[in-house]
Amino acid sequence: MQVEGLSINLATIREQCGFAEAVDVCLKHGITAIAPWRDQVAAIGLGEAVRIVRANGLKLTGLCRGGFFPAADAAGREKALDDNRRAIDEAAALGADCLVLVVGGLPDGSRDIDRARRMVEEGIDAVLPHARATGVPLAIEPLHPMYAADRACVNTLGQALDICDAVGPGVGVAIDVYHVWWDPDLANQIARAGRMKAILAHHICDWLVPTRDMLTDRGMMGDGVIDLKGIRRHVEAAGFFGAQEVEIFSAENWWKRPAEEVIATCVERFRTCC
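Residue numbers for the sequence shown follow the working numbering, so the first one is -3 and each next one is one higher.
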């Protein structure tokens, strides 16, 4: 039986499966929507990944990831732009709903977070014509402030939407509950995103207490403190009814379990907790 409204970000079983194996596990559990990472696609080859997607009628709720725009010099910034253009081409070939942008943190040696944020906006603006030409929307994913220095200097949904306002059509947001659940202005900003028609993706997992590792200790839905149903209500009230995409990095738990168990649990928790 097909599971409607659920997508699996393939990072959730990246330690157990390659691209093809992950697709097989998802299909076995009735899941026909996925979101792969570029390294997973590269490992099997873009052409073969496209073949698998088309042969199985898969929907890609996103491709992870572009971004990482800030750099210490012009050459580094240009290298990032070239990589983002390649990522856009890959997303287009795969038919992905969007290219998710993890925008990058401070350049090496910098303490100027305002300048890093300007580099992000400038970088998105520079690759946007290519994205528009290929029909691939860019989804800025604001990350939790603990990642501001090294992964993403855009940390709230409001900041991400400000960039969308500045650069114009073709850019929206990926709302990942792990990164934004704590924001006291979240409901207002989700409503704002709805008015802008800017919601491109909705990622789910849970925040564990305690969290043992800030990158690789995400929880399965229902195991933590995030009000998943409440956030979903806000997202749907804002007009987004796309699939909820499970994205779990869990080095000491879910990545150590059989992929079949992980995906079966995702389905069960999606039905009961989300």
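Even glycine gets a Cβ: it sits at the ideal position worked out from N, Cα and C.
Note that the coordinates shown come from a computational prediction; the quantities given were computed from them, not determined experimentally.
Beta carbon of residue i, beta carbon of residue j: below 7 Å?
| i | j | result |
| --- | --- | --- |
| valine 176 | alanine 156 | no |
| glycine 190 | alanine 234 | yes |
| tryptophan 33 | cysteine 13 | no |
| glutamate 244 | threonine 28 | In the sequence on display, residue 244 carries isoleucine and not glutamate. Not closer than 7 Å, so no. |
| leucine 204 | glycine 218 | no |
| glutamate 100 | proline 138 | According to the sequence as given, residue 100 is glycine; it is not glutamate. Not closer than 7 Å, so no. |
| valine 150 | isoleucine 227 | no |
| glycine 131 | aspartate 93 | no |
| leucine 102 | alanine 145 | yes |
| valine 263 | valine 49 | no |
| glycine 166 | leucine 124 | yes |
| histidine 230 | alanine 183 | yes |
| aspartate 216 | arginine 265 | Looking at the sequence shown, residue 216 is not aspartate but methionine. Contact: yes. |
| aspartate 209 | isoleucine 222 | no |
| glutamate 11 | tryptophan 251 | yes |
So what does DSSP say about residue i, is it helix, strand or coil?
| i | result |
| --- | --- |
| cysteine 60 | strand |
| valine 98 | strand |
| alanine 203 | The amino acid at residue 203 is misidentified as alanine; the sequence shows tryptophan. Tryptophan 203 falls in the coil class under three-state DSSP. |
| leucine 124 | helix |
| aspartate 146 | coil |
| leucine 172 | It should be pointed out that residue 172 corresponds to aspartate in this sequence rather than to leucine. Strand, per DSSP. |
| alanine 76 | helix |
| methionine 193 | The displayed chain sequence assigns lysine, not methionine, to residue 193. Looking at lysine 193 - three-state DSSP - the assignment turns out to be coil, as it is neither helix nor strand. |
| glycine 215 | strand |
| histidine 140 | coil |
| histidine 230 | helix |
From the DSSP secondary-structure annotation, give me the bridge partner or partners of residue i.
| i | result |
| --- | --- |
| tryptophan 178 | Tryptophan 178 pairs with nothing; no bridge assigned. |
| leucine 2 | Gln240 |
| valine 167 | Leu134 |
| alanine 31 | Asn5 |
| histidine 198 | Ile171, Gln240 |
| serine 106 | Bridge partners of serine 106: none, in fact. |
| lysine 55 | Ala29 |
Where does residue i land, buried or exposed, given buried means 16+ other C-beta within 10 angstroms?
| i | result |
| --- | --- |
| glutamine 240 | buried |
| leucine 54 | buried |
| asparagine 52 | exposed |
| alanine 129 | exposed |
| glutamate 256 | exposed |
At the 7 Å Cβ level, is residue i part of the contact set with chain B, yes or no?
| i | result |
| --- | --- |
| leucine 157 | Judged by its chain identifiers, the structure shown contains no chain B, having just a single protein chain. |
When the Cβ atoms of the stretch 70 to 80 are set against those of the stretch 38 to 45, are three or more pairs found closer than 8 Å?
In short, these stretches do not touch, since the Cβ pair count stays below three.
Contact between the stretch 121 to 137 and the stretch 93 to 108 is defined here as three or more beta-carbon pairs at a separation below 8 Å; is this criterion met?
yes
Counting beta carbon pairs with one atom in the stretch 139 to 159 and one in the stretch 15 to 29, are three or more of them shorter than 8 Å?
no
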